[in-house]
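Here is the structure we will look at.
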Amino acid sequence: MGRLENKVAVITGGAGEIGQAAGALFVAQGAQVVLADLNEDRLRDAVAAIGGNNVSYAVADVTRAADNAAMVAAAEERYGGLDIFLANAGVEGKVKPIPDFDESEFDSVLNVNVKGVFLGLQSAIPAMKRRGGGSIVITSSVAGVEGYANVSPYVTSKHAVVGMMRSAAKECAADNIRVNTVNPSPVEGRMISSLNSGMGELVGIGAEDLKAASMAGIPMQRYGRPEEIAQVMLFLASDDASWVTGSVYLADGGNTA
Ligand SMILES: NC(=O)c1ccc[n+]([C@@H]2O[C@H](COP(=O)([O-])OP(=O)(O)OC[C@H]3O[C@@H](n4cnc5c(N)ncnc54)[C@H](O)[C@@H]3O)[C@@H](O)[C@H]2O)c1
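Numbering (this note's numbering), first residue to last: 15 to 271.
Below you can see the structure in the form of structure tokens.
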């Protein structure tokens, strides 16, 4: 018996590294899953990589209310309801000091990472009420609990969703809807490579040297793997976490200890 039998999940950023790992684990644990992301080819590849009949996709831009409504409607139409919403789509933005950011660069990060989550909640909460409850998991970051120089829009956005989560947890508790964040440290993959390149350029250090230095600063001396983040998401999504709401779950190798 899987831990998500008879549950239906929507995962935004579902074609990305963490989103796809969560999708694969949720399906393996018995869920039916809609992966939502921007690019249809990458979504098709993610669905094929997970395989089986319990995963499908919805092309969606989380910054658009209509797309959020459509991905939730897809889950209800295809699988009969919505139990789990993993608000995971995110962008890292540029790496530079605060005075050098264009207003549009700040807006584009906040649009995806904050407004995109808010619009997702606006569609997911009514669907979960129709179902009698559910679990919302928002992907924040270690950058949601501490500051990092030169990535201020990203850090701002990841702190903002912690506040959003706490408010939603209080607002939705009576409807049996739990809301939590997962806050990873760097995870091997595209996003941290992009950030390390940007940081390296700014401070004149090669991306590989920067990576080695940043891993050395993590007590467990390495970056995480998408599957390790997905396991924490699975716990929060499942009924094993039935008394857990309004919480910040660090998955960070001891980084913020
Ligand atoms: N990778 C890390 O080191 C790390 C660490 C902490 C937190 N996170 C967070 O984890 C989440 C997943 O990141 P990842 O590591 O899988 O990165 P990723 O870049 O592989 O995945 C992010 C996905 O979000 C999608 N996306 C971006 N804008 C979107 C939009 N407007 N609408 C729909 N989808 C959109 C992208 O297409 C991509 O597939 C993000 O919220 C990220 O901030 C990542």
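Ideal placement from N, C-alpha and C gives every residue a C-beta, glycine not left out.
For V47 and G231, the gap between their C-alpha atoms comes out near 36 Å.
Secondary structure at N194: strand, using DSSP grouped into helix, strand and coil. Assignment of S149 by DSSP, reduced to helix, strand and coil, places it in the strand class.
With fewer than 16 other Cβ atoms inside 10 Å of its own Cβ, E160 counts as exposed. In the displayed model, S70 falls within a strand according to three-state DSSP. Within 10 angstroms of the beta-carbon of N197 lie 16 or more other beta-carbons, which makes it buried. Only buried fits A183, as 16 or more other CB atoms lie within 10 angstroms of its CB. Taken in chain order, the complete alpha helix (DSSP H) segments of 4 residues or longer contained in the stretch 200 to 248 are 204 to 217 and 221 to 230. With a threshold of 6 Å, the Cβ atom of G66 does not count as near ligand 1, since no heavy atom of the ligand is closer than that.
Secondary structure at D266: coil, using DSSP grouped into helix, strand and coil. Annotation: the continuous beta strand (DSSP E) that includes I25 extends over V22 to T26. In terms of CA proximity to N53, T26 leads the group S155, T26, G212 and R17. I98 has A23 and S149 as its beta-bridge partners, per DSSP.
Only residues of its own chain outside the window of five on either side were considered, and among them T77 have a CB closer than 7 Å to the CB of K129, listed in chain order. Not one heavy atom of ligand 1 lies closer than 6 Å to the C-beta of E242. In the three-state reduction of the DSSP assignment, V76 falls in the coil class, being assigned neither a helical nor a strand state. Partner residues in the beta bridge of L49, as assigned by DSSP, are I25 and Y71. Leaving aside the five residues that flank G220 on each side, the residues in its chain whose CB is nearer than 8 Å to its CB run, in chain order, G214.
The shortest C-alpha to C-alpha distance from K143 to any of A60, L96, R92 and G267 is the one to L96.
In the pairwise beta carbon analysis, the stretch 162 to 170 is classified as not touching the stretch 227 to 245: fewer than three pairs are separated by under 8 Å. Sorting A38, G260 and D81 by C-alpha distance to the C-alpha of G65 places A38 at the top. Shown here, F115 sits in coil according to DSSP, grouped into three states, outside any helix or strand. Excluding the 5 residues flanking it on each side, G33 has same chain C-beta neighbours closer than 6 Å at I25, G27 and N102, in chain order. If you look at D55, you'll find it in the alpha helix (DSSP H) that goes E54 to I64.
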